[in-house]
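Mapping of the sequence shown onto UniProt numbering: residues 1 to 565, in sequence order. Worksheet: the structure to be examined is printed underneath.
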Amino acid sequence: MNLFIVMKAVITIFFVVLALGLDVNAQINPEEQAKIDSIFSQWDHPNSPGVAIGIVKDGKLVYSKGYGMANLDYGIPISGTSKFYIASMAKQFTAACIALLAIEGKIDLDDEVHAYIPELPRYGKVITIRNLVHHTSGLRDYLELMYLSGTSFEDYFTIEDGIQLLGRQSNVNFSPGEKHSYSNSGYILLAEIVNRVSGMTIREYADRNIFKPLGMNDTFFNDDHSQIINNRVVSYRKESDTFKRYVQNFDALGDGNLITTIKDLYLWDQNFYRPKVGGAKFLDLMLTKGRLNNGDTIDYAFGLVHDTYKGLPTLSHGGAFLGFRTQFIRFPEQRFSIIVLASVSGSNPTGKAYQIADILLKDKLSASEPEVQKLTSFEVEPVPLTKDELRQFEASYWSYEENYSRKIYLKSDTLRYSRGEQNENRLLPIDRNEFQMLDVTDGLRVNFHLKYGKPYKMIVTVNGNNPSELYAYMPLEAKDQDLKALEGSYYSKELDCTYVLKVRLDGLVLMINDVEMGHLRPIMDGLFVIEDFGVIKFDEKNKNVFVLDANRVKQIKFSKSKTLG
Numbered sequence: 001m002n003l004f005i006v007m008k009a010v011i012t013i014f015f016v017v018l019a020l021g022l023d024v025n026a027q028i029n030p031e032e033q034a035k036i037d038s039i040f041s042q043w044d045h046p047n048s049p050g051v052a053i054g055i056v057k058d059g060k061l062v063y064s065k066g067y068g069m070a071n072l073d074y075g076i077p078i079s080g081t082s083k084f085y086i087a088s089m090a091k092q093f094t095a096a097c098i099a100l101l102a103i104e105g106k107i108d109l110d111d112e113v114h115a116y117i118p119e120l121p122r123y124g125k126v127i128t129i130r131n132l133v134h135h136t137s138g139l140r141d142y143l144e145l146m147y148l149s150g151t152s153f154e155d156y157f158t159i160e161d162g163i164q165l166l167g168r169q170s171n172v173n174f175s176p177g178e179k180h181s182y183s184n185s186g187y188i189l190l191a192e193i194v195n196r197v198s199g200m201t202i203r204e205y206a207d208r209n210i211f212k213p214l215g216m217n218d219t220f221f222n223d224d225h226s227q228i229i230n231n232r233v234v235s236y237r238k239e240s241d242t243f244k245r246y247v248q249n250f251d252a253l254g255d256g257n258l259i260t261t262i263k264d265l266y267l268w269d270q271n272f273y274r275p276k277v278g279g280a281k282f283l284d285l286m287l288t289k290g291r292l293n294n295g296d297t298i299d300y301a302f303g304l305v306h307d308t309y310k311g312l313p314t315l316s317h318g319g320a321f322l323g324f325r326t327q328f329i330r331f332p333e334q335r336f337s338i339i340v341l342a343s344v345s346g347s348n349p350t351g352k353a354y355q356i357a358d359i360l361l362k363d364k365l366s367a368s369e370p371e372v373q374k375l376t377s378f379e380v381e382p383v384p385l386t387k388d389e390l391r392q393f394e395a396s397y398w399s400y401e402e403n404y405s406r407k408i409y410l411k412s413d414t415l416r417y418s419r420g421e422q423n424e425n426r427l428l429p430i431d432r433n434e435f436q437m438l439d440v441t442d443g444l445r446v447n448f449h450l451k452y453g454k455p456y457k458m459i460v461t462v463n464g465n466n467p468s469e470l471y472a473y474m475p476l477e478a479k480d481q482d483l484k485a486l487e488g489s490y491y492s493k494e495l496d497c498t499y500v501l502k503v504r505l506d507g508l509v510l511m512i513n514d515v516e517m518g519h520l521r522p523i524m525d526g527l528f529v530i531e532d533f534g535v536i537k538f539d540e541k542n543k544n545v546f547v548l549d550a551n552r553v554k555q556i557k558f559s560k561s562k563t564l565g
């Protein structure tokens, strides 16, 4: 018999029998088990990284299994006791440490962060601990700052390096409390606050106050990447027909860097029903949603996200770093949780977790709100518009707030909403200038505005909310701009990094540390997009200066050096 199959069967049976809280009578039935196993069949091989799952029902760990390998070098299978790096799923544990300190009266959530970390600039604004917890601080994301500076996530990096990087920033993305925008920076600062207030490292504090009391003996914040960890899972990426191992030298923590197992996460899950740590006040605080300055609440609580799935309330948080992909979804009203820990990028644990929910909660889900169906045809009576009336909305549109472009054009008598790369949707006219987007699950509508008979802007809404304004512009080709004048070296004090722009036959390219990061695609005069990187906008009056906008980092200033790079 295949040695992999034998080892895997022995490990699985051993864990299933010994796992805390396992109730044989509460196990899922063979048909359900087969359906769940089929979800992960693509990784259930001796030459593949893989996944560990845990399913909790009514206080019992009713199913735990590993698929694929924890370590391809040594042929070690994944099991329920394999130790995973869970990436951003760790944020709930950092938030839990902060919640305990607040309950103990050692901190106030409305204290200014600068009082605890004076080396962090004030930016002329007050950032509170509460802002950090709920991602309303406006702080630039330190991981994205790393990437934009040319630093690899496989490089050695500590929490001190992260704080120094934030200390070089001259501004924030937005005023604290103005909006919610996910930022890993807040959580490394929270970890440092735990260090400074408690007199212990967050690893020590969490171990003493959370993990040991709950019996989570295989869980800890990993502040030393060189530490020997038995049963450690290695993460991988797929390249062509083979897998490559990620090198992990990352010691920054708080936003991630927690090692744990399915078994231990089950114990943590049960603390939300029968608390051994923190008590009722702690649980209430952990579930408290954030609030913006205008009074609106957001779904992000203390490292937990409030949401619904097919009508059922959920609490969840996922994670992604290097090759690790994780998701933990709790259905509190059903006392049901799904944990998916994966060691390969592209594994989509969130989607897999919901597939498990579809199998095991089918009766509950069918009795809840129906899943929104895609509008795929003219189910709504369209307003008849001529080709000329449709063509008046044709244009390229740019979002100055979010830095992306969309193209509207007519094809086969139907207006199209294009995101590029053959990613487009049909638009159904439901009024003279209002259109329903087809082939999407959300209620996306597009409202066009003309000025002097020409395209001016379009407003895109989701179910009537979250309006996004995009303005019509005339696209430029590279040949329409003096690219040679833009060539040179540009330095950013905030990133402590030099960008080199070079003219090639196919246009302007960006180089960092002699590595090509991408082509600058011209949008309009002085404005360029670098795919999967960011947007560069040159100063209208001084072409020796530009600002860089990326996903979680805004308005990084670069100035041209005197000598050509």
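We put the beta carbon where it would ideally sit given N, CA and C, even for glycine.
Inter-stretch contact at 8 Å, needing at least 3 Cβ pairs: the region 315 to 330 / the region 341 to 357 = Between the region 315 to 330 and the region 341 to 357, the count of C-beta pairs closer than 8 Å reaches three or more; the two stretches touch.
To which residues of the same chain is residue 293 closer than 7 Å at the C-beta, ignoring the five residues directly before and after it?
-> So the list reads 177, 178, once near-sequence residues are dropped.
Secondary structure of residue 93, DSSP reduced to three states = It is helical.
Sub-8 Å separation of residue 83 and residue 217 beta-carbons = No, the Cβ-Cβ distance between residue 83 and residue 217 is not below 8 Å.
Mark residue 401 as exposed unless 16 or more other C-beta atoms lie within 10 angstroms of its C-beta, in which case mark it buried.
-> With fewer than 16 other Cβ atoms within 10 Å, it is exposed.
Sequence-distant residues of the same chain with beta carbon closer than 6 Å to residue 414, five excluded per side = Residues of the same chain with a CB within less than 6 Å of the CB of residue 414, apart from the 5 flanking positions on each side, are 426 in chain order.
Cβ of residue 522 within 8 Å of Cβ of residue 555?
-> The answer is no: Cβ separation not under 8 Å.
Three or more beta-carbon pairs under 8 Å between the region 143 to 161 and the region 544 to 554, yes or no?
-> Flag = yes, the region 143 to 161 and the region 544 to 554 touch.
Range covered by the beta strand (DSSP E) that runs through residue 260 | Under the DSSP assignment, residue 260 falls in the beta strand (DSSP E) whose first and last residues are 258 to 260.
What residue does the beta strand (DSSP E) around residue 447 start on, and which one ends it?
-> For residue 447, the enclosing beta strand (DSSP E) covers residues 444 to 451.
Could you check the C-alpha separation between residue 30 and residue 77 for me, to the nearest Å?
-> Between residue 30 and residue 77, the C-alpha separation is close to 22 Å.
Could you say which of 85, 116, 175, 418 lies nearest to residue 262 if we only look at CA atoms?
-> That would be 85, whose Cα lies nearest to the Cα of residue 262.
Proximity winner among 466, 387, 344, 385, relative to residue 51 (alpha-carbon distances) | Checking every option, the nearest Cα to that of residue 51 belongs to 344.
In whole angstroms, what is the alpha-carbon distance linking residue 183 and residue 140?
-> One C-alpha to the other measures close to 7 Å.
Tell me, please, whether the region 116 to 127 touches the region 331 to 342 by the rule of three or more beta-carbon pairs shorter than 8 Å.
-> With the cut-off at 8 Å, the region 116 to 127 and the region 331 to 342 do not touch.
Which residues in the same chain as residue 560 place their Cβ atom closer than 6 Å to its Cβ, once the five residues preceding and following it in sequence are excluded?
-> Apart from sequence neighbours up to five positions away, the residues of its chain that approach residue 560 with a beta-carbon distance below 6 Å are 488, 490, 544, ordered along the chain.
Confirm, please, whether the CB-CB distance from residue 356 to residue 55 is below 8 Å.
-> For residue 55 and residue 356, yes; Cβs fall inside 8 Å.
Using the DSSP secondary-structure output, state which residues sit across from residue 436 in a beta bridge.
-> In DSSP, residue 436 forms a bridge with 428, 445.
Closest by C-alpha distance to residue 434, when choosing among 418, 393, 424, 440 | Here the closest residue by C-alpha is 393.
If you draw a straight line from the C-alpha of residue 337 to the C-alpha of residue 269, how long is it?
-> Rounded to whole angstroms, the separation of the alpha carbons of residue 269 and residue 337 is 8 Å.
Neighbourhood of residue 24 by C-beta, 8 Å cutoff - its chain only, sequence neighbours within 5 removed = Note that residue 24 scores a pLDDT of 36, beneath 50, so its modelled location is shaky and nothing firm can be said.
Pick helix, strand or coil for residue 104, following the three-state DSSP scheme.
-> Residue state, collapsed to three classes: coil.
Compute the Euclidean distance between the alpha carbons of residue 46 and residue 72, then round it to the nearest angstrom.
-> If you draw a straight line from the Cα of residue 46 to the Cα of residue 72, it is about 8 Å long.
Can you say whether residue 474 is buried or exposed, counting buried as having 16 or more other CB atoms within 10 angstroms of its CB?
-> Its Cβ having fewer than 16 others within 10 Å, residue 474 is exposed.
Does the region 160 to 175 come close enough to the region 207 to 214 to have 3 or more Cβ pairs within less than 8 Å?
-> Taking 8 Å as the limit for Cβ pairs, the verdict is that the region 207 to 214 does not touch the region 160 to 175.
Should residue 308 be labelled buried (16 or more other beta-carbon atoms within 10 Å of its own) or exposed?
-> Taking every protein chain shown into account, the CB of residue 308 has fewer than 16 other CB atoms within 10 angstroms, so this residue is exposed.
Report, in whole angstroms, the separation of the C-beta atoms of residue 289 and residue 298, which I expect to be a contact under 8 Å.
-> Taking 8 Å as the upper bound for CB-CB distance, residue 289 and residue 298 are in contact here, some 6 Å apart.
Taking only beta-carbon atoms, is residue 544 less than 8 Å away from chain C?
-> Checking the listed chains, one finds no chain C in this structure; it contains a single protein chain.
Pick from 279, 509, 219, 253 that is closest to residue 571, judged by C-alpha positions = The structure shown does not extend to residue 571, since the chain is modelled only from 1 through 565, so no value can be given for it.
Whose CA, out of 156, 149, 160, 151, lies closest to the CA of residue 117?
-> For residue 117, the nearest C-alpha among the options comes from 160.
For the alpha helix (DSSP H) that residue 145 lies in, which residues bound it at each end?
-> Boundaries of the alpha helix (DSSP H) around residue 145: 142 to 148.
Spatial distance of residue 511 from residue 497 (CA atoms) = The alpha-carbon atoms of residue 511 and residue 497 are separated by roughly 11 Å.
Take the Cβ of residue 130 as the centre, count every other Cβ of all protein chains shown within 10 Å, and call the residue buried at 16 or more, exposed below.
-> Label assigned to residue 130: buried.
Check the C-beta distance from residue 383 over to residue 339 and give it rounded, since I have them as a contact under 8 Å.
-> Actually they do not touch by this definition, with Cβ atoms about 49 Å apart.
Rounded straight-line distance, which links the Cα of residue 528 to that of residue 174 | Distance between the alpha carbons of residue 174 and residue 528 is about 23 Å.
Could you give the DSSP three-state label for residue 114: helix, strand or coil?
-> Looking at residue 114 - three-state DSSP - the assignment turns out to be helix.
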